[in-house]
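These notes are about the structure you will find just below.
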Amino acid sequence: MSVRDRWYQDAIVYCLDVETYHDANGDGVGDFVGLMAKLDHIAGLGATCIWLLPFYPTPNRDNGYDVCDHYAVDPRLGTLGDFVEFVRAAEARGLRVIVDLVVNHTSDQHPWFQEARDPDSDRHDWYVWSDERPEDHDEGMIFPGEQETVWTYDRKAKRYYLHRFYAHQPDLNIANPAVRAEIERVMGFWLRLGVSGFRIDAAPFLIEHKGLDEVPGTADPYEYLRDFRTFLSWRRGDAVLLAEANVDPEKAPHYFGDGDKLHMLFNFVLNQHLFLALARQAKAPLERGLLLPPKPPEAGQWATFLRNHDELALARLTEAQRDEIAEAFAPDREAMWVYNRGPRRRVPPMFDGDAARVRMAYSLMLSLPGAPVIRYGEEIGMGDDLSLPERTAVRTPMQWSDKKNAGFTASDEPIRPVIDSGPFRYQNVNVDRQRREPDSLLMWMERAIRARKEADVFGRGDWHVVDTDHEAVFAHVCERDGVAVAAVHNLGDEEAGVTLDLSPYADRTTLDLLDPGDDAPPIEDGTLAVTLPRYGFRWFRLERER
Ligand code: TEU
120 MSVRDRWYQD
130 AIVYCLDVET
140 YHDANGDGVG
150 DFVGLMAKLD
160 HIAGLGATCI
170 WLLPFYPTPN
180 RDNGYDVCDH
190 YAVDPRLGTL
200 GDFVEFVRAA
210 EARGLRVIVD
220 LVVNHTSDQH
230 PWFQEARDPD
240 SDRHDWYVWS
250 DERPEDHDEG
260 MIFPGEQETV
270 WTYDRKAKRY
280 YLHRFYAHQP
290 DLNIANPAVR
300 AEIERVMGFW
310 LRLGVSGFRI
320 DAAPFLIEHK
330 GLDEVPGTAD
340 PYEYLRDFRT
350 FLSWRRGDAV
360 LLAEANVDPE
370 KAPHYFGDGD
380 KLHMLFNFVL
390 NQHLFLALAR
400 QAKAPLERGL
410 LLPPKPPEAG
420 QWATFLRNHD
430 ELALARLTEA
440 QRDEIAEAFA
450 PDREAMWVYN
460 RGPRRRVPPM
470 FDGDAARVRM
480 AYSLMLSLPG
490 APVIRYGEEI
500 GMGDDLSLPE
510 RTAVRTPMQW
520 SDKKNAGFTA
530 SDEPIRPVID
540 SGPFRYQNVN
550 VDRQRREPDS
560 LLMWMERAIR
570 ARKEADVFGR
580 GDWHVVDTDH
590 EAVFAHVCER
600 DGVAVAAVHN
610 LGDEEAGVTL
620 DLSPYADRTT
630 LDLLDPGDDA
640 PPIEDGTLAV
650 TLPRYGFRWF
660 RLERER
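Numbering-wise (our numbering), the sequence shown opens with residue 120 and increments by one.
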């Protein structure tokens, strides 16, 4: 197979929630028809794959992660017909679509759970029950502060059910073959409707033994991931699995397998160390965050991201390191921090709107190993709304223009308020305005993504860190098949001059990739001298003389 077939290794993923993206029918809720009208924005940005957050029927008590029908579209967002039209319209623009697969749990309103509450029904064993409340019932809660237990009593079943997340999200029992068969049916259904794969929600919880003794005959839970993969690949050879698995680095190989389990994992370890480096304005944690995770197998890839729709989860760092990040980026811990895990903020407000620093962070995201994942609104530098509860702060509607409700909806009652005060208000920060300003973040992001696509060696080349002899300046080189690129980033707020040892490339010339008009400094005697302004960065192609 040609590496070019592994489209996901070079993907530029754009993630969005249909509900908050664009409302076409004026009911205040984003919908598939509205999203379709914005596909040229996404394609124009340079994305190659859209990841949709859950869009299934839901009581919506966890932003759609409480699913009550895995085979349908939430009627507020459209119909299955709209969904298929959307996938086709995306495809016509060269955009693949992957969707969230939420099968660790269901909503308690799901008919499966309602049936399961009858202990005599066949459905009962689809969930995880216990006659007694286990002693450690308050351990392993995902939402401390919002949750008091992971075992809640059900009056009808007269038994306790397991829920790693909110009490309204009972965990499915994946040790039950009928549940596994149903999960495959769900995947098969969406594959037939044209999706190119799935983001597997809460992957580590999905495969754990649910606090029960090992069910006889149940293989190693990680083996289940291979079944997933085999099924997927039979049904659609070019479809991928992207796992949300915020786990220690040594666990990652269990998820990748030898390239025969999951294709992609979010690089949570890199993400958390990157934020520590940004907070300290020092490269050392970033270098560590790059070296800690294992190299993915040949067919695997990391997904590299800065922020997602949840809190910035920092569980892989120490308490003291989390405190450093809080001090730098969430000084009002009461208002800005959640679940004892991290900030509930977007990047630009964490950087006090410092445009140079924001670009430097996104330049890192685009040039570090892996496939970058951009979350809607990041391309224009949207802010957050801390007056909203928990993670809703970072889930406000997309800001399209300075018209009513940021052009998100014509309704007077948007599903969620648009940001209309402070420096990130939609009147200031919106797509329309940035389209007209050549120096805007949006225009920069489009150019940077284009440069990144032209230099895809950044994403999956062999990389190594280059010493800069400067604690704030991080430099790395990526190489594959003789193509080599280098990037230099100044994490600090003071100008810095560095000299890189590029002796293996002594006979090459340099080309500036981000600003092709700029003269790139030459490699002289095997070294490259670069001066960067505060939060400055540059990317170079190291070209062989013709
Ligand atoms: O989150 C799953 C998860 O494992 C959480 O730890 C997550 O990383 C985050 O820290 C929670 O804020 C997924 C979704 O991303 C999240 O939005 C849902 O609430 C959760 O599943 C339950 O479905």
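Glycine is no exception: its CB is placed at the ideal position from the N, C-alpha and C atoms.
Through-space distance from residue j to residue i, alpha-carbon basis
i	j	result
His256	Glu265	15 Å
Ala525	Gln518	5 Å
Pro536	Glu556	26 Å
Gly200	Phe385	31 Å
Pro76	Glu598	Outside the displayed span of the chain (120 to 665) sits residue 76, for which this structure offers no information.
Asp185	Gly419	29 Å
Ala286	Gln233	14 Å
Gly330	Gly496	At Gly330, the pLDDT of 48 sits below 50, so the modelled position is not reliable and the matter cannot be decided from this model.
Gln440	Lys402	14 Å
Leu325	Asn223	5 Å
Val298	Ile534	33 Å
Glu498	Met155	18 Å
Asp241	Ala235	7 Å
Leu632	Phe205	34 Å
Phe308	Leu214	20 Å
Ala364	Pro372	12 Å
Leu171	Val216	7 Å
Asn144	Trp353	38 Å
Glu417	Ser121	12 Å
Arg569	Val607	18 Å
Asn609	Leu389	18 Å
Pro482	Thr437	The sequence given here has Ser at residue 482, not Pro. In a straight line, the C-alpha of Ser482 is about 26 Å away from that of Thr437.
Lys277	Asp250	8 Å
Arg125	Glu369	25 Å
Phe424	His392	12 Å
Residues bridged to residue i [DSSP beta-bridge criterion]
i	result
Val585	Ala594
Tyr246	Leu291
Pro467	Answer is none; Pro467 lacks a bridge partner.
Thr423	Pro491
Trp563	The partner list for Trp563 (beta bridge, DSSP) is empty, contrary to what the question assumes.
Met517	BP columns for Met517 are empty, so no partner.
Val359	Gly316
Phe577	Looking at the DSSP assignment, Phe577 forms no beta bridge with any residue, so it has no partner.
Cys187	Beta-bridge pairing links Cys187 to no other residue.
Val366	Val366 pairs with nothing; no bridge assigned.
Ile169	Tyr133 and Val216
Pro462	Trp456
Asp273	Arg278
Extent of the continuous beta strand (DSSP E) run through residue i
i	result
Glu438	Here Glu438 belongs to no beta strand (DSSP E); instead the alpha helix (DSSP H) covers Glu438 to Phe448.
Arg452	Element bounds for Arg452: not the beta strand (DSSP E) but the alpha helix (DSSP H), Arg452 to Met455.
First and last residue of the uninterrupted alpha helix (DSSP H) at residue i
i	result
Gln266	Neither: Gln266 is in no alpha helix (DSSP H) and is coded neither H nor E.
Phe324	Ala322 to Leu325
Val305	Pro296 to Arg311
Leu483	Ala474 to Ser486
Leu384	Unbroken run through Leu384 is the beta strand (DSSP E), Met383 to Phe385; no alpha helix (DSSP H).
Tyr343	Pro340 to Arg354
Tyr175	No alpha helix (DSSP H) holds Tyr175; DSSP gives it neither H nor E.
Tyr279	Per DSSP, Tyr279 belongs to no alpha helix (DSSP H); it is in the beta strand (DSSP E), Arg278 to Leu281.
His256	Looking at the DSSP string, His256 is not in any alpha helix (DSSP H), and its letter there is neither H nor E.
Tyr374	Ala371 to Phe375
Anticipated Cβ contact below 8 Å, residue i with residue j, distance rounded
i	j	result
Ile493	Cys168	No, Ile493 and Cys168 are not in contact; Cβ-Cβ is about 10 Å, not under 8 Å.
Gln128	Arg579	5 Å
Val359	His382	4 Å
Tyr374	Leu344	6 Å
Glu532	Gly165	At roughly 34 Å, the Cβ-Cβ gap does not stay under 8 Å, so Glu532 and Gly165 are not in contact.
Gly611	Ala591	3 Å
Asp237	Asn295	Actually they do not touch by this definition, with Cβ atoms about 16 Å apart.
Ala422	Leu487	Ala422 to Leu487, Cβ: 11 Å. No contact.
Glu430	Arg510	6 Å
Arg478	Trp563	6 Å
Glu662	Thr628	5 Å
Cys187	Thr198	Not really, about 17 Å apart at Cβ, beyond 8 Å.
Practice task
Tell me the start and end of each unbroken beta strand (DSSP E) in the region 599-663 that is at least 3 residues and wholly inside, in chain order.
Solution key: With a minimum length of 3 residues, the continuous beta strand (DSSP E) runs that stay inside the region 599-663 are 602-609, 615-620, 627-631, 646-651 and 656-663.
Exercise for the section: Pick out the complete beta strand (DSSP E) segments inside the region 141-167, 3 residues or longer, and give them in chain order. Expected result: Unbroken beta strand (DSSP E) stretches of 3 residues or longer found wholly inside the region 141-167: none.
Practice task
Would you list, in sequence order, the uninterrupted beta strand (DSSP E) runs of no fewer than 3 residues that lie entirely inside the region 195-238?
Solution key: 215-220
Exercise for the section: Give, in chain order, every unbroken run of the beta strand (DSSP E) that is at least 3 residues long and sits entirely within the region 390-425. Expected result: 420-424
Problem - Every unbroken alpha helix (DSSP H) within the region 529-574, with a cutoff of 4 residues, ordered by chain - result: Counting whole runs of 4 or more residues, the region 529-574 contains the alpha helix (DSSP H) stretches 550-555 and 560-573.
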